[in-house]
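Enquirer: Chains as they are written, first to last, in the working numbering: chain A, 654 to 806; chain B, 460 to 910; chain C, 3 to 443. Just so you know, even glycine gets a beta-carbon here, dropped at the ideal spot from N, CA and C. For reference, the structure I am asking about is given below.
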Amino acid sequence: MKNRHNKIAEAKRFSGADGCVECGRCVAACPMAEMYTNFSIEMSPRGIIKKTLIGNPVVEDKNIWYCTECNAGTDICPQGVSCRDLIRKLREAALDENLLENAKTCKCCGRAFVAVPVENFVYGRLKEEPPNVFGVLDICPPCRREIYLQRNA
Amino acid sequence: MAEGGAGRKQNMNLFQQFFNMRIGVVDLSASSAVIVPLEADQISSYIGGATLNRSLFHQYQDDPLVFGVGPLTGSFAPASSLLVATFYSPLFEKICHVPFMLRTGPDMKFSGIDFLVVKGAASELSLLYVDSGTVQIFPAGNLRKLPIPDITRALKRDFLPFQSAIVTGPAADHGILQATASVGARGSLDKAGLASRMAAKNLKAILFNGIGGLSFRTDNPDQGKELITRISAEKNFSHRGFTSILTKLDGGKAAGKHLRKLRKKNMACYHCPAQCMTHVEFIRQDASQGEGSIVKGGLLLLDHTGWMALAKKVGTHVLPLFHICLQSGLDPESVAQRLSDGGTMIEWLFAIEKMFPESGKAQIAESYRPTGEAPGKTHTLFGGGIAPIPPSDVWGKRVALSMILGICPLFLLLFPQISETDLLTFISQREDVLKTLEDRIPSLIQTLLAD
Amino acid sequence: MSEHVTMQEPSAEQDFSLNLDDLRPRPVEKRTFSGYFMPPRHSFVLFDPDKCTGCGTCEMICSTRNTEKVAPASASVKVVTDEKLGKNFTILCQHCRKPLCLPACPTRAIEKGNDGIVRINKLFCTECGLCTMACPAAAPLKDPGNQEIHKCDLCEGDPLCVRHCPEKALTFTRGKAFRWIKGLRWTIQLVSFLLLVIVFIGTFCYFKTGSVSFACPTGTLQNIASSGTIVLVSASSALALLILTILAGRLFCGWICPFGFVLDLVDKITPKKLGWPSFLKSRMTKYGVLAGAIGGSYALGFQAFCTICPIGTLCRSYGVQSFFKSAELAIVPALASLEIAQRRSWCRYFCPVGALLGITATLRLIKIVIGAKRCKKFSCIQCAEVCPVGIIEADQLREGISPKIPMTECIMCMRCIDRCPYDAAKIRFRWQKAVPGENRT
Chain A
654 MKNRHNKIAE AKRFSGADGC VECGRCVAAC PMAEMYTNFS IEMSPRGIIK KTLIGNPVVE
714 DKNIWYCTEC NAGTDICPQG VSCRDLIRKL REAALDENLL ENAKTCKCCG RAFVAVPVEN
774 FVYGRLKEEP PNVFGVLDIC PPCRREIYLQ RNA
Chain B
460 MAEGGAGRKQ NMNLFQQFFN MRIGVVDLSA SSAVIVPLEA DQISSYIGGA TLNRSLFHQY
520 QDDPLVFGVG PLTGSFAPAS SLLVATFYSP LFEKICHVPF MLRTGPDMKF SGIDFLVVKG
580 AASELSLLYV DSGTVQIFPA GNLRKLPIPD ITRALKRDFL PFQSAIVTGP AADHGILQAT
640 ASVGARGSLD KAGLASRMAA KNLKAILFNG IGGLSFRTDN PDQGKELITR ISAEKNFSHR
700 GFTSILTKLD GGKAAGKHLR KLRKKNMACY HCPAQCMTHV EFIRQDASQG EGSIVKGGLL
760 LLDHTGWMAL AKKVGTHVLP LFHICLQSGL DPESVAQRLS DGGTMIEWLF AIEKMFPESG
820 KAQIAESYRP TGEAPGKTHT LFGGGIAPIP PSDVWGKRVA LSMILGICPL FLLLFPQISE
880 TDLLTFISQR EDVLKTLEDR IPSLIQTLLA D
Chain C
3 MSEHVTMQEP SAEQDFSLNL DDLRPRPVEK RTFSGYFMPP RHSFVLFDPD KCTGCGTCEM
63 ICSTRNTEKV APASASVKVV TDEKLGKNFT ILCQHCRKPL CLPACPTRAI EKGNDGIVRI
123 NKLFCTECGL CTMACPAAAP LKDPGNQEIH KCDLCEGDPL CVRHCPEKAL TFTRGKAFRW
183 IKGLRWTIQL VSFLLLVIVF IGTFCYFKTG SVSFACPTGT LQNIASSGTI VLVSASSALA
243 LLILTILAGR LFCGWICPFG FVLDLVDKIT PKKLGWPSFL KSRMTKYGVL AGAIGGSYAL
303 GFQAFCTICP IGTLCRSYGV QSFFKSAELA IVPALASLEI AQRRSWCRYF CPVGALLGIT
363 ATLRLIKIVI GAKRCKKFSC IQCAEVCPVG IIEADQLREG ISPKIPMTEC IMCMRCIDRC
423 PYDAAKIRFR WQKAVPGENR T
C-alpha cells in the first residue's frame, strides 16, 4: 500500500492535479459523454481528479478505465491540469498491481493497449459490420500494421 | 555568410533550418549526458559532417567517439541519409570517418541532436537513448553476447520505442578488433573497428527515436524531385540493386553470380532513388537444429567490398558465411583473410567459431586487417568500406564532399554529373551564401584528406 | 487515508441534455438513380509493394503537409518494413466505401465526402484515437509530438506522395473505367432470349420443333433414361453444350440461358432480398434434383423434369406460335419469384441443368482468380457484393487471402472481373498457379 501511496503522490505531482478548481471545462470537452450512456461524474475527468485528491481508492476503481486518453481535457483546462496523465498513471499503478481485468492486451505482442470499456464502445459502433472485422480489434495498432504488411506485401 | 550582427542573425536563421543546434556530450565514466549548444561559428567554419566531427574530436581530447550529421541530412536532397562516425581506428591506426546510411542520419537529427560526443568508459555495459533533444544512459547487461538479431528483437520488445539503432555484436563483446557496428540487424560499411572502440567504452548500442523535424527548404519541396528527374533521364541511370553496383567493381561480376537464383528485393535508404541494397532470401542447413534441418532466412546486402572479398575466398558458400558475419558483427573482409584457401564449409565454420573463445583473448591476431584497395589511403580514411567505384581520381574528393554535406557517398559516386552547386542549392539559393560555401569547401576537403 | 466519500449526482428534475443527434445529425444516405446502375468511381492512391524500396520519401513529403517541417513521424502515411522478410509497405487510408472509422468516432468528426474522400474534421476531433482502433489497417496515425491524429486526405486531389515516389510505387487512379463485359453480356442474353423463346420455339429442349435443335443435356439424359435409346443428333448437339462448358465453365448459365435472363431482370427490380433460412441453403440440392429427374424418367417412362422445367416451359410456351397452356405459364413466374429470397437461388440450389453443367465444369479449362494482394480488400469488396451466386468469400478477402472460387458454382457472368477497378479479378488457365499481384519465381 505504501508503494501505491507513492505512486498516487507521483501521479498527482506529474499531472498537476492539485491545481484543479473544479470548473468543469474538462467535462464539457470530454468525448466520453458521447460514448457512454451511463456517463456520470464518477468517470468524468473532474470526478476522477476530485476522487484522487480527497483520497478515495481510485486504483481499484473501474471508472478510471473509461477514458480514451485523448487529452481534450488537458488542452482546455485553465489551470493546465492534465487529466490524461493522471488517469494514465493511475492505470499504470493498477497494472503494476496486476488488476488486469479492465485492460485489453494485444494477442500478438501482449502489451495492454486499450481499456475494455473503450473497446466495447468500438465493438458496439461496428456491430453492423460483419463479425470477421472484430478479429482485428484484439490486436494493437502497431501489430496490426505489421500483420497487414505480412499479408499484403 | 554575411558578417556583422544582422548577418549573423540571418545565418543563424539559416542554420536553424538545417540543424537543431545541439551537441550531446556523454561522459560514460561519470555517467553524465549534457547538451551543449552548437555555435554558429562552428558551422560557418566547418559546415558539418566529417569536418565538424573532426573539430569536435580534437576539441574533446581523450579519444572520444563522435557521431554527426551534415546540413543536408534529412533534407529534400536525394540520398540524404548520412551519419558520420569519427574515431581513432585501432586497425588503421589513424582517425577514420565511417558512413552510416539507411535512416540513421535523419533519425539522429530528428531526435534533436546534431552531434554526439562519447568519452570515457562506463563501468557496466550500457546503451545510449537519444530522444527529443536529450541523451540518456541505460544499462544493457542483458544484451551481452547475444547475436545481433536477438539484440534488436529484445530492444523492440522490452525497451522504449526507437526508430534506428547502431549496435555492436557478440564479436565486440569478445574483444575482437575487427568487430563492426551494425545498423539494426542490417550491417554497415564499418571496417575500421567502431564496434571494438564502443566495446572498449562498454557501450553496446545507441538508439535514436527521431520523432521531431526541421524545416529545411520547405519553400521548395520539389527541388529533390527535379534533380532526380534530371538524372534519371540520363543514360547511366540503371542502378538497380546490389549486383548492379558489383558490376562496376573489379571482379564484382563474378561475385554477383552467387545471387543469381535467389529471390531478391531491392531496398533503398532514406530518400534515395538509386537502390544499392538488396534483400535476399536463402535456405541453409543449420546443424545446430538437428541433422539436415533447413533454416530459411533473409538478409540485407549492403556491403559490396566485404561481399566481394568473401566471395573470392569461399565461392558459392558466401551467403551463409556472410550471414554469420552479420549476425556476429564481424567484418567479412577480415574474416575472409582468416579463412584458408580451398577449405570446406565445415572447416570455415570451425575457423569462425574459434574466433569466439569461451575464455581468454580472441584468436584473430592483430595482423589480419583489411588491406584496402585503390584508392588506398583515402579508402581506409573513410572506414575501408565504401565501394571503389571508378573513376578513382575523383573518388577521394567526392566522398569527402558527401561526408561534409551529409549525403550518401555511394550516391555521389554513382552520379558524377551531380555537381557541388547542385547540392549546395539545397541549402540556399542566395548568391552570397552559395559563394561563401563554395569558397569554403575545397579547403575543408583538403583538411579532411590530409589526415 | 480518509474515509470513502460518495459522490452526489446533482438532482435533475428536467432533462435539458442535448445529444449528438441534435447537434450533428448523421446525413441520410441517398441512393441516386444513376448511382444504382453505375456506382461512383472515386480516385484513390494505389500502392504496389513490389516496386517499393522502403526509401520513406512518401512519409517525408507527407509530413510537410501536416506540419511546416520535414518530420516523418508526423506524416499521414507510415512505411512499415519487415527486416527478416525484406518487405515494405506503405500504410495509408484506403478511403473505404464503407469506412469503419466513421461509426467509431464518438464526436462524428469523420465524414465521407461526395468526392469519396474520408476526412477528419479537426474542429470536432478530440484526438481520442478510436478511429485508429477501428481501422483494420490502423491507418490514422497519432503524432507523437502534439498528439494530433493525421489521416490521409488525398491532399484534396493531388497527392504529394504519388508525385514524389521515385519508384512510382504509388499511383493516383480511378481504376478501370469502361465496363464492356456488362454491355456484351446483356446483349447476348437478350438475343438468346429472343431466338430461343420467341423466334425458334422450343429449340432449347429435347422437343424438336422446326429444323434447328439445340438439345439440353439434362433433357437428353432423361430421354435416354426413359426411352432407353440414344438419338445421335440430339446427343451430339447436347455434347456441343458440354464442350462449351469444358472450355469456358458454366458460360451457358450466365450468358445464354433464357431463364437466367428472366431472373436477372427480376433481380433488377427487387433489390431488397429476404434471404433463405440456412437449412435450405445447400448447393448439393440441385444434384439431388438432377438424380431425381433421371431416376424419375427411368421409373415413369417419360421425361419427368422436362415438363416442369422453367427453361423448357419458357422456351416452349411463350413464343409467338406457341400454344399457351395455362398450367405451364405459371411455372416460370413461380420459380422466378424465388429471386426475391436470394439472387439466382434457382441456379444455386435447384437447377438440374446447372447441376449437370457443374459436373462437366470440373473438367474446365479456365478459372477465375482474385488476387488479394492487388485488391483493396476490406475497403472495397465489390466483387463479393456483385457476384450473383455468392461464391466469393468476403471474409477471406478482408483477411487478405485470395479466395478460391469454385468453378462448378460460378456461372461465368464475369461481373466480378468487370467491376474490379484494380485488375485483381482475372481469368486464368487452370494450370496457372500465380494470381494477380503475386510474383512466383
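#1: Could you please give me the residues that DSSP links to Val81 (chain C) through a beta bridge?
#2: Could you check whether the Cβ of Thr173 (chain C) sits closer than 8 Å to any Cβ belonging to chain B?
#3: So with CB distances below 7 Å, who are the chain A contacts of Cys130 (chain C)?
#4: Verify the CB distance criterion: does Gly212 (chain C) have a CB-CB separation below 8 Å to chain A?
#5: Is there contact here, the region 709-724 of chain B with the region 678-691 of chain B, by at least three beta-carbon pairs under 8 Å?
#6: Would you say His730 (chain B) reaches chain C, if we count a Cβ-Cβ gap shorter than 8 Å as a contact?
#7: Between Gln876 (chain B) and Cys57 (chain C), what straight-line distance do the alpha-carbon atoms span, to the nearest angstrom?
#8: Listing by chain order, which chain C residues have their CB less than 8 Å from the CB of Met696 (chain A)?
#9: Beta-carbon of Glu740 (chain B) versus every beta-carbon of chain C: anything under 8 Å?
#10: On the CB-based measure, 16 or more other CB atoms within 10 Å of its CB, does Lys369 (chain C) come out buried or exposed?
#11: Counting only C-beta atoms, is Leu673 (chain B) closer than 8 Å to chain C at any point?
#12: Using only CA atoms, which one of B:Val493, B:Ala509 and B:Thr532 lies nearest to Phe885 (chain B)?
#13: Which class does His633 (chain B) belong to by DSSP, given the choice of helix, strand or coil?
#14: Starting from the Cα of Pro629 (chain B), find the closest Cα among B:Ala644, B:Glu806, B:Phe618 and B:Ser752 and give me that residue.
#15: I need the straight-line Cα distance from Ala374 (chain C) to Ala396 (chain C), nearest angstrom please.
#16: I'd like to know whether the C-beta of Val674 (chain A) is nearer than 8 Å to at least one C-beta of chain C.
#17: With a cut-off of 8 Å, does the C-beta of Arg645 (chain B) fall near any C-beta of chain C?
#18: Report the rounded CA-to-CA distance for Arg857 (chain B) versus Glu806 (chain B), giving the unit in angstroms.
#19: My understanding is that Leu265 (chain C) touches Arg318 (chain C), with C-beta atoms under 8 Å, so please give their C-beta distance in whole angstroms.
#20: Going by DSSP, which residues form a beta bridge with Met726 (chain B)?
#21: When you compare the CB of Ala824 (chain B) with every CB in chain C, is at least one pair closer than 8 Å?
#22: Decide if the region 612-625 of chain B is in contact with the region 655-670 of chain B; the criterion is three or more beta carbon pairs, one per stretch, under 8 Å apart.
#23: Does Arg678 (chain A) come within less than 8 Å of chain C when only Cβ atoms are used?
#24: Across the region 537-545 of chain B and the region 515-526 of chain B, are there enough close Cβ pairs to call them in contact, namely three or more that are closer than 8 Å?
#25: Assuming contact is defined by CB atoms lying nearer than 8 Å, are Ile707 (chain A) and Gly700 (chain A) in contact in what I supplied?
#26: Consider the Cβ of Gly147 (chain C): report whether some Cβ of chain B lies at a distance smaller than 8 Å.
#27: Beta-carbon separation of Cys133 (chain C) and Cys103 (chain C) under 8 Å?
#28: DSSP puts Asp430 (chain C) in a beta bridge; with which residues?
#29: With 16 other CB atoms within 10 Å as the buried threshold, where does Pro710 (chain A) fall?
#30: Just the chain C side, please: which residues come within less than 7 Å of Ile670 (chain B) by C-beta, in chain order?
#31: For a cutoff of 8 Å on Cβ pairs, would you count Pro108 (chain C) as touching chain A?
#32: Which residues mark the beginning and the end of the alpha helix (DSSP H) in which Leu359 (chain C) is found?
#33: Any beta-carbon of chain C closer than 8 Å to the one on Ser534 (chain B)?
#34: By DSSP's criteria, Lys650 (chain B) is part of a beta bridge. Which residues make up the other side?
#35: Just the Cα atoms here: how many angstroms apart are Val750 (chain A) and Gly788 (chain A)?
#36: Report yes or no: is there a C-beta of chain C within less than 8 Å of the C-beta of Leu743 (chain A)?
Expert: With the structure as the only source:
#1: For the purposes of this step, residue 81 (chain C) is taken as residue 79 along the third sequence, with counting starting at 1. Looking at the DSSP assignment, Val81 (chain C) forms a beta bridge with C:Thr92.
#2: The sequence position of residue 173 (chain C) within the third sequence is 171, counting from 1. Not one chain B Cβ lies under 8 Å of Thr173 (chain C).
#3: As a working note, residue 130 (chain C) is residue 128 in the third sequence. Here the neighbours are Pro684, Thr721 and Cys723.
#4: To locate residue 212 (chain C), count along the third sequence from 1; it is residue 210. Here Gly212 (chain C) scores only 42 on pLDDT, less than 50, and its place in the model should not be relied on; the value that follows carries that caveat. Chain A contact via Cβ: absent.
#5: no
#6: By 1-based counting over the second sequence, the position of residue 730 (chain B) is 271. Yes - at least one Cβ of chain C is within 8 Å of the one on His730 (chain B).
#7: Position 417 of the second sequence, counting from 1, holds the residue named residue 876 (chain B). Position 55 of the third sequence, counting from 1, holds the residue named residue 57 (chain C). In a straight line, the C-alpha of Gln876 (chain B) is about 22 Å away from that of Cys57 (chain C).
#8: Taking the first sequence and counting its residues from 1, the one referred to as residue 696 (chain A) is at position 43. In chain order: nothing, as chain C lies at least about 10 Å away.
#9: Here the question's residue 740 (chain B) lines up with position 281 in the second sequence. Interface residue, yes.
#10: Residue 369 (chain C) sits at position 367 when you count from the first residue of the third sequence. Classification for Lys369 (chain C): buried.
#11: Mapped onto the second sequence, residue 673 (chain B) falls at position 214. So, interface residue.
#12: Working through the second sequence from its first residue, we reach residue 885 (chain B) at position 426. The residue with the shortest Cα to Cα distance from Phe885 (chain B) is B:Thr532.
#13: Looking up residue 633 (chain B) in the second sequence gives position 174. Note: His633 (chain B) maps to coil in three-state DSSP.
#14: Against the second sequence, residue 629 (chain B) aligns to sequence position 170. Closest option to Pro629 (chain B), Cα to Cα, is B:Ala644.
#15: As a position in the third sequence, residue 374 (chain C) is number 372, starting the count at 1. As a position in the third sequence, residue 396 (chain C) is number 394, starting the count at 1. Spanning the two alpha carbons is a distance of roughly 11 Å.
#16: Residue 674 (chain A) sits at position 21 when you count from the first residue of the first sequence. Output row for Val674 (chain A): interface = no.
#17: Here residue 645 (chain B) refers to the residue found at position 186 of the second sequence. Yes, because at least one Cβ of chain C sits closer than 8 Å to the Cβ of Arg645 (chain B).
#18: Reading the second sequence from its first residue, position 398 is the one you call residue 857 (chain B). Reading the second sequence from its first residue, position 347 is the one you call residue 806 (chain B). Taking the straight line from one Cα to the other gives about 41 Å.
#19: Against the third sequence, residue 265 (chain C) aligns to sequence position 263. Against the third sequence, residue 318 (chain C) aligns to sequence position 316. Between Arg318 (chain C) and Leu265 (chain C) the Cβ distance is about 18 Å, and since that is not below 8 Å, they are no contact.
#20: Against the second sequence, residue 726 (chain B) aligns to sequence position 267. Answer by DSSP bridge pairing, in chain order: B:Met736.
#21: In the second sequence, counting from the first residue as 1, residue 824 (chain B) sits at position 365. Residue confidence is low: Ala824 (chain B) scores 42 on pLDDT, short of 50, so the model does not pin down where it sits. Its coordinate-derived value is still stated next. So no, Ala824 (chain B) is outside the interface.
#22: yes
#23: The sequence position of residue 678 (chain A) within the first sequence is 25, counting from 1. Not closer than 8 Å to any Cβ of chain C, the Cβ of Arg678 (chain A) fails to qualify, so no.
#24: yes
#25: Numbered from its first residue, the first sequence carries residue 707 (chain A) at position 54. Numbered from its first residue, the first sequence carries residue 700 (chain A) at position 47. No.
#26: Locating residue 147 (chain C) in the third sequence gives position 145, where the first residue counts as 1. Gly147 (chain C) counts as touching chain B.
#27: Counting from 1 along the third sequence, the entry for residue 133 (chain C) is found at position 131. Counting from 1 along the third sequence, the entry for residue 103 (chain C) is found at position 101. Yes, they are a contact pair.
#28: Your numbering for residue 430 (chain C) matches position 428 in the third sequence. According to the sequence displayed, residue 430 (chain C) carries Arg and not Asp. Looking at the DSSP assignment, Arg430 (chain C) forms a beta bridge with C:Lys369.
#29: Taking the first residue of the first sequence as position 1, residue 710 (chain A) is located at position 57. Pro710 (chain A) comes out exposed.
#30: Stepping through the second sequence from its first residue, residue 670 (chain B) is reached at position 211. Correct list: Ala75, Pro146 and Gly147.
#31: One-based indexing of the third sequence puts residue 108 (chain C) at position 106. It does: the Cβ of Pro108 (chain C) has a partner Cβ on chain A nearer than 8 Å.
#32: For the purposes of this step, residue 359 (chain C) is taken as residue 357 along the third sequence, with counting starting at 1. It spans Pro354 to Thr362 - the alpha helix (DSSP H) in which Leu359 (chain C) sits, taken as one unbroken run.
#33: Working through the second sequence from its first residue, we reach residue 534 (chain B) at position 75. It does; some Cβ of chain C falls within 8 Å.
#34: Reading the second sequence from its first residue, position 191 is the one you call residue 650 (chain B). Note: Lys650 (chain B) sits in no beta bridge, so no partner.
#35: The count along the first sequence starts at 1 and reaches residue 750 (chain A) at position 97. The count along the first sequence starts at 1 and reaches residue 788 (chain A) at position 135. Looking at the sequence itself, residue 750 (chain A) is Glu, so the reference to Val does not match. Going by the C-alpha atoms only, they are around 28 Å apart.
#36: As a working mapping, residue 743 (chain A) is identified with position 90 in the first sequence. So, not an interface residue.
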